[in-house]
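For the sequence shown, position 236 (counting from the first letter as 1) is numbered 236 according to UniProt numbering, and the numbering increases by one without interruption.
See structure below.
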Amino acid sequence: MSSTYRTCREIRNHPPGIQRTMNQHPTTAHASVCALLPAWQAADFIQATLDSLSAQTYAHFSVIVSVDDCDDDTFELCCAHAEADSRFRVVRQEQRLGYVGNCNALLALADADYALFAFHDDVIAPTYVERLVAAPDSDPDAVVSFSDVHLTHTDGREEHWVLNELDGITNPAERGHLMLAGELKWWVPNRGVFRLEKVRQIGGLKLHGAGEFSTDMPWLFHMSLLGNFVRVPETLCFKYYKPGSLSRSWAFTPHQRFEVLCACLRELWNSGLSSTAKLDIGAPLVHYLDQNRPQSGSPA
Numbered sequence: 001m002s003s004t005y006r007t008c009r010e011i012r013n014h015p016p017g018i019q020r021t022m023n024q025h026p027t028t029a030h031a032s033v034c035a036l037l038p039a040w041q042a043a044d045f046i047q048a049t050l051d052s053l054s055a056q057t058y059a060h061f062s063v064i065v066s067v068d069d070c071d072d073d074t075f076e077l078c079c080a081h082a083e084a085d086s087r088f089r090v091v092r093q094e095q096r097l098g099y100v101g102n103c104n105a106l107l108a109l110a111d112a113d114y115a116l117f118a119f120h121d122d123v124i125a126p127t128y129v130e131r132l133v134a135a136p137d138s139d140p141d142a143v144v145s146f147s148d149v150h151l152t153h154t155d156g157r158e159e160h161w162v163l164n165e166l167d168g169i170t171n172p173a174e175r176g177h178l179m180l181a182g183e184l185k186w187w188v189p190n191r192g193v194f195r196l197e198k199v200r201q202i203g204g205l206k207l208h209g210a211g212e213f214s215t216d217m218p219w220l221f222h223m224s225l226l227g228n229f230v231r232v233p234e235t236l237c238f239k240y241y242k243p244g245s246l247s248r249s250w251a252f253t254p255h256q257r258f259e260v261l262c263a264c265l266r267e268l269w270n271s272g273l274s275s276t277a278k279l280d281i282g283a284p285l286v287h288y289l290d291q292n293r294p295q296s297g298s299p300a
């Protein structure tokens with residue numbers, strides 16, 4: 001990559017297999033897993049995330065932290081942590097990339113069989129990677145495996161997130177329809193372990209007509225067209241909303257939802273599905289979008 005970032009140090013003293021050429025058909029015993037941590041203005045809370053990554057029991061594991069341009073001590077804290085754990089690599093972006101750009105920068109740096117996004121306000125159980133990377137072994141058509149998520153709001157309220165509607169569904173068109181239905185917690189797999197080489201077909205996260213609003217939905221929708229979603233029915237991820245959490249700043253307007261679904265339509269047409277499968281999913285989506293066009297001049 002070009003010198004748009006600086007590292008606090010190069011990765012050193014890696015255990016064998018941490019960073020290597022990807023296996024054609026990796027098994028759990030040998031597959032490499034890389035956690036991708038996009039960070040920004042997180043000095044007050046990121047240490048818990050870093051500690052939970054260091055506590056992972058899986059052997060062939062590495063972490064890349066990309067600190068977007070910010071004015072707090074996030075980069076220094078991450079570098080200090082990396083000095084104590086050689087599995088970590090930390091880069092600092094010299095120009096503000098935003099959430100989408102920072103995630104894509106991490107995807108470009110990743111070199112592993114599997115990857116996962118480890119968000120800076122999430123804490124994962126020590127067996128998180130070990131349990132999730134084992135799931136695709138029994139399903140070669142799986143593209144992502146994920147656990148249930150426990151959420152804590154800033155005011156102390158708690159929620160339990162479960163996505164089980166996709167269990168056992170092997171038809172990509174059916175998965176795609178369900179992901180667009182809006183009646184399920186489609187965002188849960190965004191914390192899952194995914195097959196990196198297969199997911200590279202998506203081309204990363206993308207901005208759309210409503211900016212960064214729910215850019216993970218078109219990303220996950222396209223992922224659902226690539227392979228099976230495998231749920232590990234355990235609560236292994238713990239999310240903590242912070243006052244500055246990106247999604248808490250969104251208005252969730254009809255215009256934003258319209259733009260997200262238009263972005264899903266783009267992902268559908270750019271996917272590798274057959275033309276008939278694209279029409280099966282796309283026809284009702286186009287009809288919905290046509291019936292729910294935002295009024296001219298509606299704000300995003």
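Just so it is clear, CB atoms sit at the ideal spot from N, CA and C, and this is done for glycine as well.
Owing to the predicted nature of the structure, the values given are computational and were not obtained by experimental measurement.
| request: Pair every Cβ in the region 253-262 with every Cβ in the region 134-149, then say whether three or more of these pairs are closer than 8 Å. | output: no
| Sequence-distant residues of the same chain with beta carbon closer than 7 Å to leucine 166, five excluded per side | Arg175, Leu178 and Phe229, listed in sequence order.
| query | So, leucine 116 versus valine 193, is the Cβ gap smaller than 8 Å? | reply | A contact, by the Cβ cut-off of 8 Å.
| With distances taken from CA atoms, which of Glu94, Glu83, Ser62 and Thr57 is nearest aspartate 71? | Glu94
| query | Taking the continuous alpha helix (DSSP H) assigned at proline 38, which residues delimit it? | reply | From DSSP, proline 38 is part of no alpha helix (DSSP H) but of the beta strand (DSSP E) over 33-39.
| Coarse secondary structure for glutamate 259, derived from DSSP in three states | helix
| field | Beta-carbon spacing of arginine 89, isoleucine 124 below 8 Å | value | Inclusion of arginine 89 and isoleucine 124 in the CB contact set at 8 Å is not warranted, their separation being larger than that value.
| query | Rounded to a whole number of angstroms, what is the C-alpha to C-alpha distance between glutamine 291 and proline 233? | reply | 38 Å
| Enclosing beta strand (DSSP E) for lysine 239 [first to last residue] | 228-240
| field | Integer Cβ distance of histidine 120 from threonine 235, believed to fall under 8 Å | value | That belief does not hold up - the Cβ atoms of histidine 120 and threonine 235 are roughly 20 Å apart, past 8 Å.
| task | Answer yes or no: does any C-beta atom of chain B fall closer than 8 Å to that of leucine 163? | result | Looking for chain B here will not work: only one protein chain is present.
| What separation, rounded to the nearest whole angstrom, lies between the Cα atoms of isoleucine 46 and threonine 74? | If I take the Cα positions, the gap works out to 8 Å.
| request: Could you name each continuous beta strand (DSSP E) segment of 3 residues or more that falls completely within the region 146-207, going from the start of the chain to the end? | output: Qualifying beta strand (DSSP E) stretches, in chain order: 158-161 and 193-195.
| request: Starting from alanine 283, trace the alpha helix (DSSP H) both ways and give me its first and last residue. | output: 275-291
| query | If we ignore side chains and look at the alpha-carbon of each, how far apart do glutamate 130 and glutamine 295 end up? | reply | 49 Å
| From serine 224 to proline 172, what distance separates their C-alpha atoms? | Going from the Cα of serine 224 to the Cα of proline 172 covers about 7 Å.
| query | Taking three-plus beta-carbon pairs below 8 Å as touching, is the region 152-167 in contact with the region 260-278? | reply | no
| request: In angstroms with no decimal places, state the Cα-to-Cα distance between lysine 278 and glycine 156. | output: About 43 Å.
| message | Just to confirm, is the Cβ distance from arginine 191 to aspartate 122 under 8 Å? | response | yes
| What distance in whole Å lies between the Cβ atoms of arginine 195 and tyrosine 114, which are believed to be in contact at a cut-off of 8 Å? | 6 Å
| message | Using a 10 Å radius around the Cβ and a threshold of 16 neighbouring Cβ atoms, would you call aspartate 216 buried or exposed? | response | buried
| message | Considering just the uninterrupted stretch of the beta strand (DSSP E) at residue 302, what are its terminal residues? | response | Coverage of the chain is limited to positions 1 through 300, which leaves residue 302 absent and any answer about it impossible.
| request: Going by CA-CA distance only, name the one from Asp141, Asp148, His160 and Val162 that's closest to isoleucine 169. | output: Of the listed residues, the one whose Cα sits closest to isoleucine 169 is Asp141.
| query | CA-CA distance, tyrosine 241 and glutamate 159? | reply | Approximately 11 Å, taken between the alpha carbons.
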